Amino acid sequence: MAWFKRKTDEPAAKASKVVIAEGLWIKCDSCKEIMYRAEVERAGRVCPKCHYPFRISARERLGQLADPGSFEERETGLATTDPLSFKDTKKYRERIRAAAQKTTSDEAVICGVASIGGQPAVLAVFEFGFLGGSKHLPVVIVSASGGARMQEGILSLMQMAKTSAALERLGASGLPYLSVLTDPTTGGVTASFAMLGDVILAEPRALIGFAGPRVIAETIRQPLPEGFQRSEFLLSHGQLDMIVERRDLKETLRRILAFFADQPPRSG
-6 MAWFKRKTDE PAAKASKVVI AEGLWIKCDS CKEIMYRAEV ERAGRVCPKC
44 HYPFRISARE RLGQLADPGS FEERETGLAT TDPLSFKDTK KYRERIRAAA
94 QKTTSDEAVI CGVASIGGQP AVLAVFEFGF LGGSKHLPVV IVSASGGARM
144 QEGILSLMQM AKTSAALERL GASGLPYLSV LTDPTTGGVT ASFAMLGDVI
194 LAEPRALIGF AGPRVIAETI RQPLPEGFQR SEFLLSHGQL DMIVERRDLK
244 ETLRRILAFF ADQPPRSG
């Protein structure tokens, strides 16, 4: 008599299946850990394990920086146009339309007047999801850009000079400009207003540079240092003033704005 006998008259037990609700988990782009999404949201869209700041929308950024109810959006009538009637694999107008539907914004930058910890400022925040004033107030620009759009050609590159000239006028009037660099800040934005701040801050591990590392390596024909074009590397080489964790950014901006507010006006 066999000690063990397989029962053939009963259906085989079904293997248990673990069902994970879609959207409950998120993978960190830096440490590759898989975490509960709600935990990441509670941390301000920052990885609880390695403190890597996830990319966030312009509206989320405004909610984190501006005092509740203080942001008044300006220049809402501005919208991207197609001056060159550009077409590659798709018409530029179609790309603009798709970006507007995706981000519910007509442009890649949201501008307005706000208070940051009680300090009044003009606040401009880039919406990276959209295709990759004269108020006598200090200006804060949060950059997130892949650079000038090839679809607008030289007209896009001209904005580098125009924004730089506007910041020169801002400085001549004795008003400070604070530049906040996030992941990524590259191309013509880096080559112009992003690096012209009186104080330049960056989030941890943000990609910051002009040309891509592959292009640079092929040009100079040398291997690039570890962490090249990340905010920590730039700080160590004197191109940034400080790196600020996302949870500390609002208070840091408030303290800097308060410092400038207590200073006598600068002469031109």
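In my numbering, the protein residues as written are -6 to 261.
Where a beta carbon is used, it is the ideal one built from N, C-alpha and C, also for glycine.
Given the structure is predicted, the values throughout are model-derived calculations rather than measurements.
Relative to the alpha-carbon of residue i, which residue among the options has its alpha-carbon at the smallest distance?
i: Lys243; options: Leu71, Ile134, Thr69; result: Ile134
i: Ile27; options: Ala36, Cys40, Arg35; result: Cys40
i: Arg48; options: Ala59, Glu34, Lys42, Asp60; result: Glu34
i: Thr69; options: Phe203, Ala91, Cys104, Arg54; result: Cys104
i: Val182; options: Glu225, Thr73, Gly202; result: Gly202
i: Lys252; options: Cys43, Pro169, Gln232; result: Residue 252 is actually Phe in this sequence, not Lys. When only C-alpha atoms are compared, the closest one is Pro169.
i: Gln232; options: Ala159, Ile209, Gln256, Leu189; result: Leu189
i: Thr74; options: Arg86, Glu66, Arg67, Glu65; result: Arg86
i: Asp255; options: Gly167, Arg239, Val208, Ser224; result: Gly167
i: Arg240; options: Ile19, Ser23, His44; result: His44
i: Thr245; options: Val208, Ala210, Glu225, Ile193; result: Ile193
i: Glu65; options: Lys128, Ala91, Ala93; result: Lys128
i: Lys42; options: Cys24, Glu219, Leu58, Arg90; result: Cys24
Could you give the DSSP three-state label for residue i: helix, strand or coil?
i: Gly181; result: helix
i: Phe123; result: coil
i: Arg207; result: helix
i: Lys284; result: There is simply no residue 284 to check, as the chain begins at -6 and stops at 261 in what is shown.
i: Lys20; result: strand
i: Lys243; result: helix
i: Tyr45; result: coil
i: Gln144; result: helix
i: Arg67; result: strand
i: Ser229; result: helix
i: Ala199; result: coil
i: Gln152; result: helix
i: Leu160; result: helix
i: Ser138; result: strand
i: Phe252; result: helix
i: Ser166; result: coil
i: Ser50; result: coil
i: Arg30; result: helix
i: Ala117; result: strand
Suppose contacts are defined by Cβ-Cβ distances below 7 Å. Is residue i in contact with residue j by that definition?
i: Ser63; j: Ser108; result: yes
i: Leu200; j: Asp234; result: no
i: Pro131; j: Ala154; result: no
i: Leu148; j: Pro46; result: no
i: Arg38; j: Leu17; result: no
i: Val106; j: Ala117; result: no
i: Thr212; j: Ser185; result: no
i: Pro197; j: Gln222; result: no
i: Thr179; j: Gly139; result: yes
i: Phe79; j: Gln144; result: yes
i: Glu32; j: Leu71; result: no
i: Leu227; j: Gln112; result: no
i: Gly122; j: Thr96; result: yes
i: Ala141; j: Leu150; result: yes
Roughly how far, in whole angstroms, is the beta-carbon of residue i from the beta-carbon of residue j, given that I think they are within contact range, below 8 Å?
i: Leu174; j: Ser229; result: At roughly 15 Å, the Cβ-Cβ gap does not stay under 8 Å, so Leu174 and Ser229 are not in contact.
i: Leu171; j: Asp191; result: 7 Å
i: Arg247; j: Gly56; result: Contact doesn't hold; Cβ gap of about 16 Å is too wide.
i: Ala51; j: Glu161; result: With 8 Å as the limit, Ala51 and Glu161 do not qualify as a contact, their Cβ atoms being about 26 Å apart.
i: Ile236; j: Ala187; result: No, Ile236 and Ala187 are not in contact; Cβ-Cβ is about 15 Å, not under 8 Å.
- [ ] Would you mind listing the alpha helix (DSSP H) stretches within the region 53 to 108 that are 4+ residues and don't spill past its ends, in chain order?
- [x] 85 to 96
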